Each structure stands twice: as structure tokens, then as C-alpha cells.
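Q: Below is a structure I'd like to ask you about.
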DNA sequence: GCCTTTTTAAATGCCAGACCTTTAAATGCC
DNA sequence: GGCATTTAAAGGTCTGGCATTTAAAAAGGC
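Residue numbers (this note's numbering), protein chains in the order written: chain A, 1 to 266; chain B, 267 to 532.
Spelled out as C-alpha cells, the structure:
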């Protein structure tokens with residue numbers, strides 16, 4: 001194992017890549033112990049701090065865990081569904097919030113993905129899934145519920161629904177759509193949305209899932225998508241006219257998901 | 267900004283989290299410069315190496331970039347589609363390869379997701395997308411193509427197809443299904459699959475996309491899913507009988523995606 | 001002889017201080 | 001005014017060390 005001193009990348013990045021590749025290729029398998037930091041330093045011919053930086057990179061991706069003490073060290077970690085899900089949500093959230101993505105694009109992607117679950121939900125949903133959805137539905141009807149809690153329950157409802165596919169891999173993939181996009185879209189539309197209407201559509205989804213009615217599941221999603229899309233458009237229309245009234249040309253409210261802080265663009 | 271010396275987490279993990287949260291919340295926006303490592307060390311009251319470890323964690327997630335020299339430093343990085351895609355693929359690949367996930371589950375998830383694109387592909391595909399698909403189709407018919415290249419072209423074909431939705435967010439989300447799962451599934455089935463049959467189904471998908479025929483797109487996907495599923499099952503059936511003949515009970519070939527190296531389970 | 005306690009060694013976690021390299025701005029020369 | 005030189009700021013790396021954790025080995029008590 002050697003590293004290239006002429007590479008543009010840092011030593012720690014090269015070393016991290018080398019170990020990461022070993023994990024992905026299967027040369028290092030779950031719970032294998034890596035050599036100690038001192039040994040790695042000798043193997044790669046760098047100092048211990050450099051090795052440590054490389055290991056921290058891997059730890060940031062949940063690829064290893066470290067354990068102190070005698071016979072401790074760095075071990076290849078089994079990536080759990082929960083870890084993968086969190087990473088996927090973080091990445092998706094950042095991608096959406098740092099790039100100019102239109103509300104329509106996000107909305108379209110979000111619903112296209114969730115609608116891919118309808119057939120499997122109708123087939124595989126259990127009573128437990130229906131109960132979880134029903135629980136969230138009740139929460140959403142509480143009169144004094146904060147907007148944050150309503151959004152959280154909204155996410156919980158949809159998560160329960162996609163869990164109804166009985167396919168954990170699919171649930172994990174859906175997290176990017178539901179748990180990353182839903183809150184961002186909520187942040188834009190919460191002022192104008194009607195909780196009653198959303199609750200009604202959720203109730204429709206729940207009933208369709210209970211009846212294993214694929215077609216109705218799909219049509220309820222179509223309604224929800226349509227509603228959200230219109231809501232988003234009306235919000236951006238309002239913002240646009242507000243801005244126009246103020247006399248700012250501002251190149252048109254581009255209906256982006258990005259909520260800029262202020263004019264600080266240094 | 268202070269850190270908790272009694273926390274179970276490392277200082278570097280706590281500091282990384284603190285900065286990461288600032289980025290996600292929008293307190294630090296794209297191209298903002300973080301304080302120098304020396305200044306951060308003073309602010310958090312830790313040493314510079316500890317700060318550096320924290321920054322490497324963030325760099326591993328593509329959240330910051332660093333620049334040497336005067337007026338250099340760490341800057342908040344705009345997460346590009348390509349970065350997000352790579353991370354998503356890596357995470358998905360690892361999740362699949364480190365957990366006991368059945369071939370059926372992976373296959374089901376993969377096709378459910380890609381099929382969610384059919385409507386938008388029919389609507390939004392351009393000539394460029396069709397050409398990209400057509401190019402890959404030709405590659406797949408080359409007689410001396412290696413299995414690796416066939417797999418790569420297979421992925422390329424499906425990527426071009428989902429790009430046909432015209433929705434980059436959806437394309438990004440699909441990468442987890444197509445570019446992570448397809449190669450893993452190929453690794454299992456490449457011995458038994460018929461290239462001619464796959465090419466024929468790809469041709470069907472291309473024709474359907476060209477004709478903006480949503481229904482046919484969906485039925486071709488159903489064919490492909492069915493074929494892949496049967497292929498996977500027959501491969502695992504074979505392995506199972508091989509093992510039984512050898513006299514190993516081995517608790518039944520569990521048709522998992524994991525390809526264990528050998529008996530090394532220390 | 002067995003159980004409990006103490007010791008010890010191997011790791012990681014963290015720190016101080018230094019030197020090298022890179023880079024862009026400031027300076028000075030022509 | 002334009003070009004070459006200097007300089008300072010910042011990250012990249014190394015050496016060496018101390019602190020803390022932890023499990024195994026050794027010692028001791030019953």
C-alpha cells in the first residue's frame with residue numbers, strides 16, 4: 001500500500017480512499033479490525049495525525065467505528081438501514097437547498113417516487129402499518145398542533161405508508177423523497193395550505209391501503225400532488241406580485257426551493 | 267460555540283456536527299469562508315489537530331472544500347448533483363452488500379423505482395436521450411464485449427432512460443436503484459443471463475420511449491423485472507443443489523446479495 | 001482451586017510546537 | 001503602468017508527548 005506524493009489530493013484523502021475501496025471490494029469485511037494507527041502510519045509511510053484524519057473521514061461516512069483501550073482500534077462497521085437513511089436524507093436535503101431547484105421539479109420527483117409504492121403497499125401492508133398511519137392521522141387533527149409537529153406527522157404518515165411495501169430497501173430509497181423533500185416543501189407552503197384538505201387526502205390514502213385498492217391509492221396521490229403543485233404555484237405567484245409592487249425587478253420569483261437569508265452574497 | 271467534555275462523542279465529532287448543523291440550517295451558506303483552523307481552535311478551545319479532524323469529517327461529506335495559501339481556508343461547498351449521486355451510490359452499495367438482503371427484495375425495489383419514471387419519460391424524453399439509449403444498445407450487441415462492459419452499458423442505458431424524465435432530482439434519486447443495485451444483481455446473474463434477450467427488452471424500452479408509449483414502457487419493465495427475478499431464482503436454486511450435493515446442510519442458500527469471501531468470520 | 005482485585009500494556013484521544021508549501025496581495029523596481 | 005519580488009497568511013505534515021480507556025494478565029484473598 002503506497003500513496004502518491006504528487007497527487008493533487010491530500011495524503012489523508014488518498015489513504016481514506018484506499019481503505020474505503022478495500023471495504024467496498026470486500027477485502028475488509030464487517031467487524032474486521034484495521035491495523036492500529038501506528039501500524040497504518042508505518043505501512044503508508046506517513047505520520048499518525050495523517051492516518052487519524054483519514055480514519056475520521058471514514059468515520060464520517062459510518063464506514064468504521066473505533067474503540068479505545070487494549071485490543072481496541074478501528075473496525076469495519078455494518079452500515080445499518082438507519083445510518084444509510086440518515087445519510088441519504090442529509091445529502092438530499094443539502095442538494096435541494098444548495099441548488100436552484102424549482103418547486104415543481106421537487107414536487108414532481110417526490111410524488112413520482114412515492115407513487116411507485118402503491119402496488120406493493122396494496123399487496124403487503126399489514127395492520128401495524130395501517131395503525132401507524134391512523135395514529136398520525138389523529139395527530140394531524142389536533143387543534144393546537146404546531147406547524148412543525150404537523151409537518152413531522154405528515155412525514156411520519158408517508159413513512160408508514162411506504163413501509164407498507166414490506167421492502168426495507170425501498171423504504172430506505174424513499175427517505176430521500178419523503179423525509180428530505182417534504183419538510184422543504186412544507187416550509188414553503190405551510191402558510192397557505194389547508195390542514196383539513198390534507199387530512200382528508202391522507203384519510204383517502206389510508207382507506208385505499210386498507211382496501212388494498214391500488215387504483216385509489218394512485219388517484220389519491222394524484223390529488224395530493226395536484227394540490228401541492230397548485231399551492232406552491234400560488235405561493236410563488238403571491239411572492240412575485242409582492243416583489244413587483246415593491247418595484248424590485250429581481251428577474252422574476254423563480255419559485256426555487258432556496259430561501260435566501262438576506263443579500264449577503266460576498 | 268462550546269463543546270461538552272462529558273459527551274460520549276469525540277471532540278472532533280461534536281465540532282463537525284456543530285458546523286454541519288450551521289450549514290444545514292443555512293447559517294453558513296455556499297462559498298462562505300469558515301474561520302481559519304487556528305481561530306476555530308481558539309473558538310472551540312481545542313487544539314488545531316482536533317479542528318483538522320473535524321474538518322476532514324466535513325470534507326468527506328463534500329460539505330466543505332479547502333484552499334491553501336493566503337486568504338485560503340475552508341469554504342462551504344455547493345453539493346453538486348454529481349457529488350450527491352456518488353455518495354448515494356456508495357451508501358446504497360454498502361447497505362446492500364453488508365446486510366442480508368434477498369435478491370427478490372433488491373430486484374423488487376430496483377424495478378419499482380425505475381418504473382416510477384415511465385410517465386415522465388414518455389412526456390419529456392428528447393432526441394438526445396433516445397440517441398444515448400440507442401448508443402448503449404449498439405454497444406451491448408458487440409460480440410466481444412466483456413461482462414463488465416456489458417454491465418456498464420446496461421447501467422448507462424437505464425441512466426439515459428431515467429434522464430429522459432427531464433427531472434435531475436429524480437435522476438439523482440434513481441442512481442441508488444440503478445447504479446448501485448444493477449451491478450450487484452449483474453454479479454449474481456451474469457453467468458446465466460442471455461444478452462440477446464436483454465438487448466431485445468432494451469430495444470422494446472427504447473421503442474416505447476420513442477413513441478411516448480407509457481403503457482408499453484411499463485409492460486417492458488414488467489418483462490425485464492420478471493426475467494431478472496426468474497434468473498436470480500434459478501441461479502440460487504443451482505447453488506443450493508450444488509451445496510446439497512456436497513453434503514453441506516448450510517441452512518439453505520438464502521439467495522442473499524452478499525457474496526461471502528470464505529469462512530473467515532473472526 | 002476459584003473468585004476478586006490489581007496491575008499493566010496496548011490502543012485511541014488529545015495537545016503543543018514546529019517546519020514546509022502554497023497562494024495572493026503588497027511592495028518595489030524599471 | 002507593468003512586471004518581478006517579497007511577504008504574510010493559511011493549510012499540510014511531522015515529532016513527540018501525555019491522558020484516558022479497556023481488556024487481558026497477574027496477584028492476592030478465601
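Idealized CB from N, CA, C, for every residue including glycine. This one's a predicted model, so the numbers in the text were calculated from it and none came from an experiment.
1) Do the region 224-233 of chain A and the region 101-110 of chain A make contact, defined as three or more Cβ pairs closer than 8 Å?
2) Determine, for residue 151 of chain A, whether the minimum Cβ-Cβ distance to residues of chain B falls below 8 Å.
3) Looking at chain B, is there any beta carbon in it that lies within less than 8 Å of the beta carbon of residue 233 of chain A?
4) Taking its Cβ as the centre, do 16 or more other Cβ atoms sit within 10 Å of residue 71 of chain A, making it buried, or is it exposed?
5) Measuring only the C-alpha atoms, how far is residue 351 of chain B from residue 439 of chain B?
6) Against chain B, which members of the region 155-174 of chain A pass a CB distance test of less than 8 Å?
7) For residue 121 of chain A, report the span of its alpha helix (DSSP H) as first-last.
8) Whole-angstrom Cβ separation of residue 53 of chain A and residue 318 of chain B, contact assumed at under 8 Å?
9) Taking a cut of 9 Å between CB atoms, which residues from the region 72-83 of chain A lie near chain B?
10) Please tell me whether residue 357 of chain B has its Cβ less than 8 Å away from any Cβ of chain A.
11) Let me know the beta strand (DSSP E) ranges lying completely inside the region 287-353 of chain B, each 3 residues or longer, listed in chain order.
12) With which residues is residue 522 of chain B paired in a DSSP beta bridge?
13) Just to check, is the beta-carbon of residue 471 of chain B closer than 7 Å to a non-hydrogen atom of the ligand GDP?
14) Check distances from the C-beta atoms of the region 47-58 of chain A to those of chain B and list, in chain order, the residues that come in under 7 Å.
15) Just reading off the alpha helix (DSSP H) that residue 188 of chain A is part of, what are its end residues?
16) Run through DSSP, which three-state label would residue 90 of chain A get?
17) In three-state terms, what does DSSP make of residue 109 of chain A?
18) I'd like the span of the alpha helix (DSSP H) that includes residue 406 of chain B, first residue to last.
19) Is residue 214 of chain A helix, strand or coil by DSSP?
20) Identify whether residue 263 of chain A lies in helix, strand or coil by the three-state DSSP scheme.
21) Three-state secondary structure (DSSP) at residue 270 of chain B?
22) Going by alpha carbons, who is nearest to residue 10 of chain A out of B/288, B/295, B/405, B/334?
23) Check whether the region 91-100 of chain A touches the region 115-133 of chain A, taking contact to mean three or more Cβ pairs, one atom from each stretch, closer than 8 Å.
24) Our contact map puts residue 56 of chain A next to residue 323 of chain B with C-beta atoms below 8 Å; I'd like the distance itself, whole angstroms only.
25) Decide if residue 260 of chain A is buried, meaning its Cβ has at least 16 other Cβ atoms within 10 Å, or exposed.
26) Work out the CA separation of residue 145 of chain A and residue 428 of chain B for me, nearest whole Å.
27) Residue range of the alpha helix (DSSP H) that residue 422 of chain B falls in?
28) Less than 8 Å between the beta carbons of residue 41 of chain A and residue 48 of chain A, yes or no?
29) Smallest Cα separation from residue 239 of chain B: which of B/430, B/417, B/415?
30) Apart from the five residues on each side of it in sequence, which residues of its chain come closer than 7 Å, Cβ to Cβ, to residue 83 of chain A?
31) Compare the C-beta of residue 19 of chain A with all C-beta atoms of chain B and state if any pair is closer than 8 Å.
32) Is there at least one Cβ from chain A nearer than 8 Å to residue 290 of chain B's Cβ?
33) For residue 353 of chain B and residue 294 of chain B, I'd like the C-alpha separation in whole angstroms.
34) DSSP three-state call for residue 250 of chain A: helix, strand or coil?
35) If distances are taken between C-alpha atoms only, which option among A/116, A/24, A/137, A/135 comes closest to residue 171 of chain A?
36) Would you mind telling me which residues of chain A sit closer than 7 Å to residue 327 of chain B, beta carbon to beta carbon, in chain order?
A: This is what the structure gives:
1) yes
2) Counting from one through the first chain, the residue named residue 151 of chain A turns up at place 151. Answer no: the Cβ-Cβ gap between residue 151 of chain A and chain B never drops below 8 Å.
3) Your numbering for residue 233 of chain A matches position 233 in the first chain. Taking Cβ atoms only, chain B never reaches closer than 8 Å to residue 233 of chain A, which makes this a no.
4) Here residue 71 of chain A corresponds to residue number 71 of the first chain, with the count starting at 1. It is exposed - the Cβ of residue 71 of chain A has fewer than 16 other Cβ atoms within 10 Å.
5) Position 85 of the second chain, counting from 1, holds the residue named residue 351 of chain B. Position 173 of the second chain, counting from 1, holds the residue named residue 439 of chain B. Straight-line Cα distance between these residues: approximately 8 Å.
6) 165, 167, 168, 169, 170, 172, 173
7) Translated into the one-based positions of the first chain, residue 121 of chain A becomes position 121. It spans 118-124 - the alpha helix (DSSP H) in which residue 121 of chain A sits, taken as one unbroken run.
8) Taking the first residue of the first chain as position 1, residue 53 of chain A is located at position 53. Taking the first residue of the second chain as position 1, residue 318 of chain B is located at position 52. Right, their Cβ atoms sit about 6 Å apart.
9) 76, 77, 78, 79, 80, 81, 83
10) Against the second chain, residue 357 of chain B aligns to sequence position 91. So, interface residue.
11) 330-333, 339-342
12) Along the second chain, one-based indexing puts residue 522 of chain B at 256. Its beta-bridge partners are B/368.
13) This structure does not include the ligand GDP; it has no bound ligands of any sort.
14) 49, 52, 53, 56, 57
15) The residue labelled residue 188 of chain A in the question sits at position 188 within the first chain. Run containing residue 188 of chain A: 182-189, per the alpha helix (DSSP H) assignment.
16) Here residue 90 of chain A refers to the residue found at position 90 when the first chain is read from its first residue. Residue state, collapsed to three classes: helix.
17) Working through the first chain from its first residue, we reach residue 109 of chain A at position 109. If DSSP states are grouped into helix, strand and coil, residue 109 of chain A belongs with the helices.
18) Here residue 406 of chain B refers to the residue found at position 140 when the second chain is read from its first residue. That run of the alpha helix (DSSP H) goes 393-406.
19) For the purposes of this step, residue 214 of chain A is taken as the residue at position 214 of the first chain. Residue 214 of chain A: helix per DSSP, three-state reduction.
20) As a position in the first chain, residue 263 of chain A is number 263, starting the count at 1. Interpretation of residue 263 of chain A is limited by its pLDDT of 34, a score under 50 that renders its predicted location unreliable; the figure taken from the coordinates is listed afterwards. Coil at residue 263 of chain A, not helix or strand.
21) Locating residue 270 of chain B in the second chain gives position 4, counting from the first residue. Correct three-state label for residue 270 of chain B: coil.
22) On the first chain, position 10 is the one that residue 10 of chain A refers to. Among B/288, B/295, B/405, B/334, the Cα nearest to that of residue 10 of chain A belongs to B/334.
23) no
24) Along the first chain, one-based indexing puts residue 56 of chain A at 56. Along the second chain, one-based indexing puts residue 323 of chain B at 57. Right, their Cβ atoms sit about 5 Å apart.
25) Taking the first chain and counting its residues from 1, the one referred to as residue 260 of chain A is at position 260. The pLDDT assigned to residue 260 of chain A is 46, lower than 50, so where the model puts this residue is not dependable, and the model offers no usable value.
26) Here residue 428 of chain B corresponds to residue number 162 of the second chain, with the count starting at 1. Here residue 145 of chain A corresponds to residue number 145 of the first chain, with the count starting at 1. Each residue's Cα considered, the two are about 39 Å apart.
27) For this step, residue 422 of chain B is matched to residue 156 along the second chain. Note, residue 422 of chain B: alpha helix (DSSP H), 413-429.
28) The residue given as residue 41 of chain A occupies position 41 in the first chain. The residue given as residue 48 of chain A occupies position 48 in the first chain. Yes. Within cutoff.
29) No answer is possible for residue 239 of chain B: it lies beyond the span of chain B, which begins at 267 and ends at 532.
30) The count along the first chain starts at 1 and reaches residue 83 of chain A at position 83. 62.
31) In the first chain, the residue the question calls residue 19 of chain A occupies position 19. It does not: the Cβ of residue 19 of chain A has no partner Cβ on chain B nearer than 8 Å.
32) Position 24 of the second chain, counting from 1, holds the residue named residue 290 of chain B. With 8 Å as the cut-off, residue 290 of chain B counts as an interface residue toward chain A.
33) Translated into the one-based positions of the second chain, residue 353 of chain B becomes position 87. Translated into the one-based positions of the second chain, residue 294 of chain B becomes position 28. So the two alpha carbons sit approximately 22 Å from each other.
34) Position 250 of the first chain, counted from the start, is the residue given in the question as residue 250 of chain A. Confidence is the limiting factor: at residue 250 of chain A the pLDDT is only 47, short of 50, which leaves the residue's position unreliable and the question unanswerable from this model.
35) The residue you call residue 171 of chain A lines up with position 171 of the first chain. Closest option to residue 171 of chain A, Cα to Cα, is A/116.
36) As a working note, residue 327 of chain B is residue 61 in the second chain. Those within 7 Å of residue 327 of chain B in chain A are 60.
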